[in-house]
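K.L.:
Just passing along the structure, written as structure tokens.
2 protein chains.
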Amino acid sequence: MAVGVPESVAESIEAAPSSTRREILDAAAHCFTARGYANTSIDDVARSLGSTKGRIYHHYASKADLFADVFKTGMDMNYQAIMPAFEAAGNVEEKLVRMARTHTTQMIATKPYQRAVWEGVEMHLRGSTTPEQRDTLTGLLAHRDRYSDIFKSVISECEKRGSLAFDNLSIANQVMFIALNSPLFWYSPRPGENKSDIDKLVDQVVEFALRGLGYKGEIKS
Amino acid sequence: MAVGVPESVAESIEAAPSSTRREILDAAAHCFTARGYANTSIDDVARSLGSTKGRIYHHYASKADLFADVFKTGMDMNYQAIMPAFEAAGNVEEKLVRMARTHTTQMIATKPYQRAVWEGVEMHLRGSTTPEQRDTLTGLLAHRDRYSDIFKSVISECEKRGSLAFDNLSIANQVMFIALNSPLFWYSPRPGENKSDIDKLVDQVVEFALRGLGYKGEIKS
DNA sequence: TTGACAACATACCCGGTAGTATGTTCATGT
DNA sequence: ACATGAACATACTACCGGGTATGTTGTCAA
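Protein sequence lines, in the order shown, are assigned to chains P and X.
Take the first sequence: its letters are residues 91 to 311, numbered as in my numbering.
Take the second sequence: its letters are residues 91 to 311, numbered as in my numbering.
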């Protein structure tokens with residue numbers, strides 16, 4: 091299996107949303123992470139914007155649509171963050187390390203969006219209420235699966251070259267992602283924290299994940 | 091810091107609930123994991139029992155109380171599963187391996203309860219609505235923190251002895267737990283699956299987690 | 001036999017929330 | 001100047017779900 095970016099991925103990454111939509115998205119992402127999707131009312135999002143429902147329903151047909159846009163925006167940000175690391179020169183191991191670091195850094199930098207993505211995945215594992223929501227979520231999940239497959243292919247290459255060691259590729263990929271995503275559940279910004287502090291956190295997480303995959307090499311860049 | 095079981099832990103582990111309460115708990119745990127706490131109505135739980143609200147509200151004062159009992163029951167099951175591994179003879183490394191295997195096996199065996207525990211932790215990270223709920227959850231979380239501390243102390247011992255290597259103890263513990271808990275998010279029982287299949291899954295997860303902590307020794311028992 | 005209580009079922013209330021229907025304001029093209 | 005539509009705000013409806021108030025049934029002790 092060749093390591094390549096599916097065309098469908100690049101095509102489905104959309105341009106940055108308009109300023110007002112972005113404002114709504116930011117507020118929605120924060121509310122969703124703060125209270126969860128089900129416990130967040132549209133009025134909550136509107137209140138945190140200093141406006142009313144009308145504004146949101148003017149731009150989104152339903153609460154589910156708003157959530158879907160948060161989800162997709164979060165995933166798009168991940169693609170854009172990861173692609174340079176994926177396309178850069180160097181051997182597969184260096185590529186994996188860079189991708190892992192970028193991904194984890196991204197989880198911290200855009201945490202509200204990424205928690206929405208996480209909750210979206212959980213909602214899909216259950217059965218979302220209406221069939222239409224189901225279809226929308228399935229499309230979004232396919233988007234995420236392609237993202238996951240990019241990592242999967244890189245990991246598989248490394249394993250073939252003997253720089254990683256694990257039993258089952260899918261399980262290894264799953265556990266790795268959960269480890270890399272773990273800051274979503276225990277990180278919250280400290281006052282007076284700088285980029286170097288975050289880099290140290292990322293280093294620890296990435297080292298854990300790659301060691302878990304059986305990596306023996308150096309990780310610090 | 092000596093490795094020991096706080097007395098408060100042993101005391102707060104309660105006897106198995108009565109048969110009818112256990113029946114309600116099982117149904118509630120399944121509904122909560124299937125649809126999430128917020129999306130699960132008391133009527134849903136009652137319907138899955140073939141009865142009505144009245145039965146549940148006769149045993150529990152509120153939805154929050156029902157959830158709290160699911161949470162506590164799940165944690166109690168964890169304690170009871172882990173204790174033999176914790177108190178058994180052998181060096182700290184063997185103890186850690188056995189505890190990790192037991193914990194992960196437990197995540198799979200009692201998945202509905204453990205997902206409720208997970209959601210309870212997330213609910214606590216956010217701000218649960220009423221102050222009373224908040225207090226109840228805080229008490230439950232303390233229960234869970236003590237459980238986490240048992241692992242933490244064992245890990246710390248191993249690190250002092252040089253059999254583990256990581257930067258920050260708390261972060262290492264967090265990421266390890268999330269890795270060990272990961273089957274909660276990707277495992278679902280297959281038809282015709284036997285204990286040996288599950289053991290293999292557990293082996294992979296535990297190997298990932300301990301390698302992530304810097305463990306170099308053997309893991310298979 | 002009966003009183004009392006546990007273990008439910010039934011019927012109802014009511015607050016919150018998604019969604020809608022209808023203003024209102026302002027900018028822009030003609 | 002005026003029409004038009006985008007971008008909201010306001011007011012309202014309908015429903016769902018947590019919680020309660022009130023039956024109903026069986027059991028068991030005295």
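No residue lacks a Cβ here, since even glycine has one placed at the ideal position from N, Cα and C.
Is there a C-beta anywhere in chain X that falls below 8 Å from the one on P:Ile268?
P.N.:
To locate residue 268 of chain P, count along the first sequence from 1; it is residue 178. Yes, P:Ile268 counts as interfacial toward chain X.
K.L.:
Roughly how many whole angstroms lie between the Cα atoms of P:Gly144 and X:Ser253?
P.N.:
Numbered from its first residue, the first sequence carries residue 144 of chain P at position 54. Numbered from its first residue, the second sequence carries residue 253 of chain X at position 163. When rounded, the distance between both Cα atoms is 60 Å.
K.L.:
Rounded to whole angstroms, what's the CA-CA distance from P:Lys153 to P:Ile132? Just pull it up for me.
P.N.:
Here residue 153 of chain P refers to the residue found at position 63 when the first sequence is read from its first residue. Here residue 132 of chain P refers to the residue found at position 42 when the first sequence is read from its first residue. Straight-line Cα distance between these residues: approximately 7 Å.
K.L.:
Could you work out which residue in P:Leu115, P:Gly164, P:Arg125 and P:His120 is closest to P:Ile146 when comparing CA atoms only?
P.N.:
To locate residue 146 of chain P, count along the first sequence from 1; it is residue 56. Out of P:Leu115, P:Gly164, P:Arg125 and P:His120, P:Leu115 has the C-alpha closest to the C-alpha of P:Ile146.
K.L.:
Rounded to whole angstroms, what is the Cα-Cα separation between P:His120 and X:Gly282?
P.N.:
In the first sequence, the residue the question calls residue 120 of chain P occupies position 30. In the second sequence, the residue the question calls residue 282 of chain X occupies position 192. Each residue's alpha carbon lies about 43 Å from the other.
K.L.:
Alpha carbon to alpha carbon, how far is P:Val296 from X:Arg111?
P.N.:
As a working mapping, residue 296 of chain P is identified with position 206 in the first sequence. As a working mapping, residue 111 of chain X is identified with position 21 in the second sequence. Spanning the two alpha carbons is a distance of roughly 44 Å.
K.L.:
At what residues does the alpha helix (DSSP H) containing X:Leu139 begin and finish?
P.N.:
Translated into the one-based positions of the second sequence, residue 139 of chain X becomes position 49. Segment Ile132 to Leu139, the alpha helix (DSSP H) holding X:Leu139.
K.L.:
Could you check where the alpha helix (DSSP H) with X:Ile309 kicks off and where it finishes?
P.N.:
Against the second sequence, residue 309 of chain X aligns to sequence position 219. Per DSSP, X:Ile309 belongs to no alpha helix (DSSP H) and is neither H nor E.
K.L.:
Would you call P:Gln170 buried or exposed, if buried means 16 or more other Cβ atoms sit within 10 Å of its Cβ?
P.N.:
As a first step, residue 170 of chain P must be located in the first sequence, where it is residue number 80. By the neighbour-count rule (16 or more Cβ atoms within 10 Å), P:Gln170 is not buried but exposed.
K.L.:
Grab me the residues of P:Ile198's own chain with a C-beta within less than 8 Å of its C-beta, minus the 5 sequence neighbours each way, in chain order.
P.N.:
Residue mapping note: residue 198 of chain P aligns to position 108 of the first sequence, counting from 1. Taken in chain order, the residues that qualify are Pro273, Tyr277, Ile288, Leu291 and Val292.
K.L.:
For a contact defined as C-beta to C-beta under 7 Å, what are the partners of P:Arg320 on chain X?
P.N.:
The question about residue 320 of chain P has no answer, for chain P in this structure spans 91 to 311.
K.L.:
Under 8 Å between C-beta atoms, does X:Phe241 make it to chain P?
P.N.:
As a working mapping, residue 241 of chain X is identified with position 151 in the second sequence. No - not a single Cβ of chain P is within 8 Å of the one on X:Phe241.
K.L.:
Please work out which residues of its chain come closer than 6 Å, Cβ to Cβ, to P:Gln167, disregarding the five sequence neighbours upstream and downstream, and give them in chain order.
P.N.:
For the purposes of this step, residue 167 of chain P is taken as residue 77 along the first sequence, with counting starting at 1. Residue 167 of chain P is actually Met in this sequence, not Gln. Result list for P:Met167: Thr200, in chain order.
K.L.:
Can you check whether the C-beta of P:Gly302 is within less than 8 Å of a C-beta belonging to chain X?
P.N.:
For the purposes of this step, residue 302 of chain P is taken as the residue at position 212 of the first sequence. Closer than 8 Å to some Cβ of chain X, the Cβ of P:Gly302 qualifies, so yes.
K.L.:
Work out the CA separation of X:Ala118 and X:Ser141 for me, nearest whole Å.
P.N.:
For the purposes of this step, residue 141 of chain X is taken as the residue at position 51 of the second sequence. For the purposes of this step, residue 118 of chain X is taken as the residue at position 28 of the second sequence. Near 13 Å, if we compare the C-alpha coordinates of X:Ala118 and X:Ser141.
K.L.:
Can you grab the Cα-Cα spacing for the pair P:Asp257 / X:Gln294, in whole Å?
P.N.:
Counting from 1 along the first sequence, the entry for residue 257 of chain P is found at position 167. Counting from 1 along the second sequence, the entry for residue 294 of chain X is found at position 204. P:Asp257 and X:Gln294: Cα-Cα distance of roughly 7 Å.
K.L.:
Starting from X:Val265, find everything on chain P with Cβ-Cβ shorter than 7 Å and list it in chain order.
P.N.:
Working through the second sequence from its first residue, we reach residue 265 of chain X at position 175. The answer, in chain order, is Ala269, Ser272, Val295 and Phe298.
K.L.:
So P:Phe176 packs on P:Lys185, CB below 8 Å; how close in whole Å?
P.N.:
For the purposes of this step, residue 176 of chain P is taken as the residue at position 86 of the first sequence. For the purposes of this step, residue 185 of chain P is taken as the residue at position 95 of the first sequence. Yes, they are in contact, since the Cβ atoms of P:Phe176 and P:Lys185 sit about 7 Å apart, within 8 Å.
K.L.:
Within 8 Å of any Cβ in chain P, is that where the Cβ of X:Phe256 sits?
P.N.:
Here residue 256 of chain X corresponds to residue number 166 of the second sequence, with the count starting at 1. Closer than 8 Å to some Cβ of chain P, the Cβ of X:Phe256 qualifies, so yes.
K.L.:
If we require 3 or more residues per run, which beta strand (DSSP E) segments fall completely within the region 180-210 of chain P?
P.N.:
Listed in chain order, there is nothing to give.
K.L.:
Put X:Leu230 into one of helix, strand or coil per three-state DSSP.
P.N.:
For this step, residue 230 of chain X is matched to residue 140 along the second sequence. Three-state DSSP puts X:Leu230 in a helix.
K.L.:
Can you list the residues of chain X that P:Ala128 reaches, using a CB-CB cut of under 7 Å?
P.N.:
By 1-based counting over the first sequence, the position of residue 128 of chain P is 38. Ordered by position in chain X, the residues that pass the 7 Å Cβ test against P:Ala128 are Gly126, Ala128 and Asn129.
K.L.:
What are the start and end residues of the alpha helix (DSSP H) that includes X:Asn168?
P.N.:
Taking the first residue of the second sequence as 1, we reach residue 168 of chain X at position 78. Note, X:Asn168: alpha helix (DSSP H), Lys153 to Glu177.
K.L.:
Give the list of continuous beta strand (DSSP E) stretches no shorter than 3 residues that lie fully inside the region 214-285 of chain X.
P.N.:
Counting only runs of 3 or more, we get nothing.
K.L.:
Three-state secondary structure (DSSP) at P:Val95?
P.N.:
Against the first sequence, residue 95 of chain P aligns to sequence position 5. Legend: pLDDT at P:Val95 = 47, less than 50; position of this residue unreliable, value from coordinates given subsequently. Correct three-state label for P:Val95: coil.
K.L.:
Would you tell me roughly how many angstroms separate the C-alpha atoms of X:Phe267 and X:Arg236, rounded to the nearest one?
P.N.:
Residue numbering aside, residue 267 of chain X sits at position 177 when the second sequence is read from its first letter. Residue numbering aside, residue 236 of chain X sits at position 146 when the second sequence is read from its first letter. Distance between the alpha carbons of X:Phe267 and X:Arg236 is about 14 Å.
K.L.:
Please report whether the beta-carbon of P:Phe122 lies at a distance below 8 Å from any beta-carbon of chain X.
P.N.:
One-based indexing of the first sequence puts residue 122 of chain P at position 32. P:Phe122 does not count as touching chain X.
K.L.:
Taking only three categories from DSSP, how would you classify X:Tyr150?
P.N.:
Translated into positions along the second sequence, residue 150 of chain X becomes position 60. In the structure shown, X:Tyr150 sits in coil (DSSP, three-state: anything other than H, G, I, E or B).
K.L.:
Is the separation between the beta-carbon of X:Arg234 and that of X:Val265 shorter than 8 Å?
P.N.:
Locating residue 234 of chain X in the second sequence gives position 144, where the first residue counts as 1. Locating residue 265 of chain X in the second sequence gives position 175, where the first residue counts as 1. Their beta carbons are not under 8 Å apart, which means X:Arg234 does not touch X:Val265 by this criterion.
K.L.:
Would you say X:Phe161 lies against chain P (beta-carbon separation less than 8 Å)?
P.N.:
In the second sequence, residue 161 of chain X corresponds to position 71, counting from 1. By this cut-off, X:Phe161 is not an interface position.
K.L.:
Does any C-beta atom of chain X lie closer than 8 Å to the C-beta of P:Phe275?
P.N.:
Taking the first sequence and counting its residues from 1, the one referred to as residue 275 of chain P is at position 185. Closer than 8 Å: yes.
K.L.:
Identify the contact partners of P:Ile261 in chain X, using a Cβ-Cβ distance below 8 Å as the criterion.
P.N.:
Mapped onto the first sequence, residue 261 of chain P falls at position 171. The contacting residues are Trp276, Leu291, Gln294 and Val295.
K.L.:
Tell me the DSSP secondary structure of X:Thr123 in three-state form.
P.N.:
Stepping through the second sequence from its first residue, residue 123 of chain X is reached at position 33. DSSP places X:Thr123 in helix when its eight states are reduced to three.
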